[in-house]
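Mind the numbering: the sequence shown is residues 3 to 399 in our numbering, read in order.
The beta-carbon is built from N, C-alpha and C at its ideal position, and this holds for glycine as well.
Nothing here was measured: the structure is a model prediction, and the numbers come from that model.
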Amino acid sequence: MSHNRVFVIGVGMTKFEKPGSRDWDYPDMAREAGINAIDDAGVAFHEIGQAYAGYVYGESTSGQRAIYELGMTGIPIVNVNNNCSTGSAALFLAAQAIRGGLTDCALALGFEKMQPGSLGSTFDDREQPMMRHLLALAELQEFAMPPAPYMFGAAGREHMQRFGTTAEQFAKIAVKNHRHSRNNPYAQFQDQYTLDEIMGAKEIYAPLTKLQCSPTSDGAGAAILASERFVDEHGLAGHAVEIVGQAMVTDMRSTFDSNSAINLVGADMTKKAAQQVYKQAGLSADDIDVIELHDCFSTNELITYEALGLCDEGEGGKLIDNDDTTYGGRWVVNPSGGLISKGHPLGATGLAQCAELTWQLRGTAQDRQVSGARTALQHNIGLGGAVVVTAYKPADR
């Protein structure tokens, strides 16, 4: 089966903000991110053939309402919700439409207007989609609220018990990501903290303190994807970035059957998706220069090092101790500040990751620039569950 090549030709995002801190609504967020992406691509809205709009909290056709801020040309608009991997699920669908020859230009847009505080459920008259995961986890570690830090904290505890990983190693990840965010004008937080400050912050669920947890956020991100023909006809190869591998994986039997908190928060999904992407792209983890991964909690970044194949199982703590995942190391992981410091408006997160890696591969990431970056990897996970992993390279120059 022949596949068309897929290129990112334009990206845009808003600054991520604390919910309620800015007087705007989701159409405003979508307009800002979408216009930024359209301007970056140098195309007109009428050239876009399909659009995918991602958000987790909102009414049923919020995607149409958001995209109508950019233009109304009657194109198919699909609303996408895949929990915290919503933005990259929209990206996956837009890429699939181009790869399959269904359109030459597609928009992926993600936005979120969130409530302050921990994530809650909206519909309490039906089974929660995470119930199976939570019941399985409660058999391994005593249940605690709120659910998200409990789940990822429990995975961290399992890693500590099995491999001797320390609370300090998880905290060092937060130190790194907060430090990286100082150079990101789009980040919700741009504050640097010492290891003692991270470890001494309010405990949410041991080993996680508040400064190791991603905040709720408002914001939007967007990416415009195009076929090789479109790129050639519009002379866009100079700043286009190619998606050289992409996979989405959902929960497998092993998620529940392995009696592992680490698998209940998606490590197996990540591992399978990464292996598929490396095979598609003809790359290995050692070939990657820069990575944006889903550090919703510091524990998940360390677990994801192993699932992405940056090191063997149980060795993630060594990577952070050796400064292997920051500037001057083997990879720069989360140069944007990651979810912990940049923020996490659920529908926008995956598209903000795409934007960051596009800027890195173009060499336009300013003070965050990873020197000589030529290959990039994106990892975005939503529990309940779905993982999207994407590999990028600059277009052939």
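Residue i by DSSP, collapsed to three states: which one?
i, result
"T167", "coil"
"R399", "In this prediction, R399 has a pLDDT of 47, which is less than 50 and means its spatial position is unreliable; what the coordinates show is noted afterwards. The answer is coil: DSSP assigns R399 none of H, G, I, E or B."
"G14", "strand"
"T257", "helix"
"E315", "coil"
"L266", "helix"
"T240", "Residue 240 is actually Gly in this sequence, not Thr. Coil, per DSSP."
"L227", "strand"
"F9", "strand"
"I290", "coil"
"G202", "helix"
"L310", "coil"
"D193", "coil"
"L285", "coil"
"T328", "coil"
"D27", "coil"
"R184", "coil"
Using the beta-carbon count (16 or more within 10 Å), is residue i buried or exposed?
i, result
"Q52", "buried"
"E355", "In the sequence as presented, Glu is not what sits at residue 355; that position holds Gln. Looking at its Cβ environment, which holds 16 or more other Cβ atoms inside 10 Å, Q355 is buried."
"R399", "Here the model assigns R399 a pLDDT of 47, short of 50, so the residue's position is not dependable and the matter cannot be decided."
"K281", "exposed"
"L341", "buried"
"N382", "buried"
"N186", "buried"
"N302", "buried"
"L72", "buried"
"M147", "exposed"
"N84", "buried"
"M153", "buried"
"A46", "exposed"
"E235", "exposed"
"T392", "buried"
"N265", "buried"
"A208", "exposed"
"K204", "exposed"
"K212", "exposed"
"S23", "exposed"
"P131", "exposed"
"L111", "buried"
"H346", "buried"
"F9", "buried"
"G229", "One point to set straight first is that residue 229 is Ser, not Gly, in the sequence displayed. S229 is buried by the Cβ-count criterion."
"A173", "buried"
"N179", "buried"
"G119", "exposed"
"G76", "exposed"
"A156", "buried"
Give me the DSSP bridge partner(s) of residue i.
i, result
"T252", "A388"
"E303", "BP columns for E303 are empty, so no partner."
"L210", "Y207"
"D220", "E19"
"G247", "A393"
"C215", "F299"
"V335", "I293"
(request) Run through the region 338–391 for me and flag every whole alpha helix (DSSP H) of 4 or more residues, listed as ranges in chain order. (result) Qualifying alpha helix (DSSP H) stretches, in chain order: 340–344 and 348–364.
(request) Could you tell me which uninterrupted beta strand (DSSP E) segments, each at least 3 residues in length, are contained entirely in the region 95–175, listed from first to last along the chain? (result) Counting only runs of at least 3 residues, the region 95–175 fully encloses the following beta strand (DSSP E) elements, listed from N- to C-terminal order: 107–114.
(request) Enumerate, from N- to C-terminal direction, the unbroken alpha helix (DSSP H) stretches of 4 or more residues contained entirely within the region 36–101. (result) 64–69 and 88–101
(message) Does the region 117–127 come into contact with the region 253–267, if we say contact requires no fewer than three beta-carbon pairs (one atom in each stretch) closer than 8 Å?
(response) no
(message) For the region 83–91 against the region 381–397, do three or more pairs of beta-carbon atoms, one drawn from each stretch, fall closer than 8 Å, so that the two count as touching?
(response) yes
(request) Please determine if the region 152–161 and the region 296–314 are in contact, where contact requires at least 3 C-beta pairs separated by less than 8 Å. (result) These segments touch.
(message) I want to know whether the region 242–254 touches the region 328–341 - three or more CB-CB distances under 8 Å.
(response) no
(request) Decide yes or no for the touch test of the region 219–230 against the region 111–121: beta carbon pairs closer than 8 Å, at least 3 of them. (result) yes
(message) Check whether the region 193–201 and the region 319–326 are in contact - that is, three or more C-beta pairs closer than 8 Å.
(response) no
(message) Taking 8 Å as the cut-off, does the region 23–37 touch the region 59–78 (at least 3 CB pairs, one atom from each stretch)?
(response) yes
(message) Measuring CB atoms only, is the region 261–273 touching the region 304–318, in the sense that at least three cross pairs come out at less than 8 Å?
(response) yes
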